[in-house]
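Residue numbers (the working numbering): 70 to 449. Cβ atoms here follow ideal geometry from the backbone N, Cα and C, with glycine treated the same way.
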Ligand code: LLP
């Protein structure tokens, strides 16, 4: 059932700003869409915790039988707190110390990034997938493209022959915010062929499904058509590791307008900045802005944060109806790589997180205090 529309005014009144607000309904709905794409296949969804690690959201996913793709001991702990199974450990820089921690705490599957890394796992029985670099151009932002030969991830598909008998399956992830089906089709076809050639029956397809930040996104009907064609020749178990696709559109960054500064350029100054959401500053990423109480004409403006850095922007050159000081605005599609990439830059405490479910708003992470922020300092 669709829950009530989120009342951002109520959230701000109860919990203040800046605050991340997540719509539980959308998370469930997006999981349903992924399921539809793979209907008929033996597959498991592993949510990529790097997109969002809030254990309450993760619990909601665990309740829908979603497992976890984790890259650090911190993410492993969050996945366990939420009760997610199975857990896959991914990454190209695993350490012996982390290995001990993971073995102690328990996990189910490994993605191995290099032939060199295989040695590290000789003494364990955890099923191992080898990450393959398919040499496919995902046509996305260069910082989040991973599937070309010159990228640091995975083993050249040509090298597979040397190690095929030491592994249980293959893994591929070509990049993030991918909006066309073709690069997936190219990568998946190569991997299906390799699985058949080497008698492997587990295939992890990675994540990367692009969402609608600004009109361009992955067409899941086309994905369905492509997967049913490509995997009809695959006999085994599929894994899929979406992050952004599940929580991205479910999350909003709620901010307060501090003032509207008019001059040669108009600036909407908010209490949320690049410390809360770094994607616009780091990748020039587009997030739609919703002005909740427009009070003036639509003009071209920048939406900026309060930090001492020119790059501290949430949006640039947008046509927006001007708000007044003290009113609220919302940054959309902020549920993935929002809070998880937030920092204490300018000594700003981390924002609060709230879930909006059938019963209304519930605080799921307290706003960090200044005291919390310095709690691990040794000294004055
Ligand atoms: N699997 C692997 C091996 C990955 O490296 C990633 C993301 C995922 C799955 C999940 O990808 P997703 O479905 O969320 O696209 N900070 C960047 C995104 C970096 C993604 C890194 N790897 C951003 O804000 O756009």
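Same chain, Cβ closer than 6 Å to residue i, five either side skipped, listed in chain order
i, result
"residue 329", "337, 391"
"residue 70", "Its pLDDT being 47, under 50, residue 70 is placed unreliably in this model, and the value from its coordinates should be taken loosely. There are no such residues."
"residue 113", "136, 308"
"residue 168", "none"
"residue 86", "323, 324, 325, 340"
"residue 179", "158, 195, 197"
"residue 347", "410"
CA nearest to the CA of residue i, picked from the options
i, options, result
"residue 81", "119, 441, 424", "424"
"residue 422", "140, 414, 416, 431", "431"
"residue 108", "292, 321, 157, 208", "292"
"residue 247", "239, 240, 256", "256"
"residue 362", "346, 353, 324, 200", "324"
"residue 296", "334, 402, 322, 252", "252"
"residue 461", "354, 342, 389, 386", "With the chain running from 70 to 449 in the structure shown, residue 461 is simply not present."
"residue 98", "240, 372, 283, 316", "316"
"residue 207", "300, 394, 287, 306", "287"
"residue 123", "268, 404, 427", "404"
"residue 420", "442, 428, 426, 395", "442"
"residue 436", "402, 152, 345", "345"
"residue 120", "406, 447, 416, 427", "406"
"residue 334", "305, 372, 201", "372"
"residue 366", "331, 162, 385, 260", "331"
"residue 133", "268, 146, 283, 152", "152"
"residue 150", "267, 270, 176, 402", "176"
"residue 450", "183, 394, 184, 190", "Because residue 450 is not part of the residues shown, which for the chain are 70 to 449, the question remains open."
Inter-residue spacing [alpha-carbon to alpha-carbon] between residue i and residue j
i, j, result
"residue 319", "residue 128", "15 Å"
"residue 440", "residue 204", "48 Å"
"residue 409", "residue 369", "30 Å"
"residue 308", "residue 221", "22 Å"
"residue 243", "residue 356", "23 Å"
"residue 303", "residue 197", "19 Å"
"residue 285", "residue 278", "11 Å"
"residue 106", "residue 289", "7 Å"
"residue 224", "residue 174", "28 Å"
"residue 83", "residue 418", "18 Å"
"residue 94", "residue 265", "39 Å"
"residue 380", "residue 413", "16 Å"
"residue 218", "residue 400", "35 Å"
"residue 388", "residue 144", "39 Å"
"residue 103", "residue 448", "50 Å"
"residue 192", "residue 202", "25 Å"
"residue 130", "residue 188", "34 Å"
"residue 349", "residue 312", "18 Å"
Sheet register partners of residue i (DSSP bridge)
i, result
"residue 240", "200, 273"
"residue 80", "BP columns for residue 80 are empty, so no partner."
"residue 137", "116, 156"
"residue 399", "323, 359"
"residue 89", "322, 422"
Interface flag, residue i vs chain D, CB-CB below 8 Å
i, result
"residue 376", "Among the chains of the structure shown, chain D does not appear; only one protein chain is present."
Proximal residues to residue i (C-beta, below 7 Å), its chain only, five neighbours per side dropped
i, result
"residue 148", "118, 127, 137, 139, 156"
Check: residue i C-beta below 7 Å from any heavy atom of the ligand COA
i, result
"residue 270", "This structure does not include the ligand COA; its bound ligands are the ligand LLP."
Residues near residue i in its chain [Cβ-Cβ closer than 8 Å; skip 5 each side]
i, result
"residue 209", "244, 245, 246, 247, 248, 277, 279"
"residue 397", "77, 78, 81, 86, 323, 324, 325, 326, 361, 362"
"residue 275", "240, 241, 242, 243, 309, 310"
(request) Pick out the complete alpha helix (DSSP H) segments inside the stretch 297-332, 4 residues or longer, and give them in chain order. (result) 313-316
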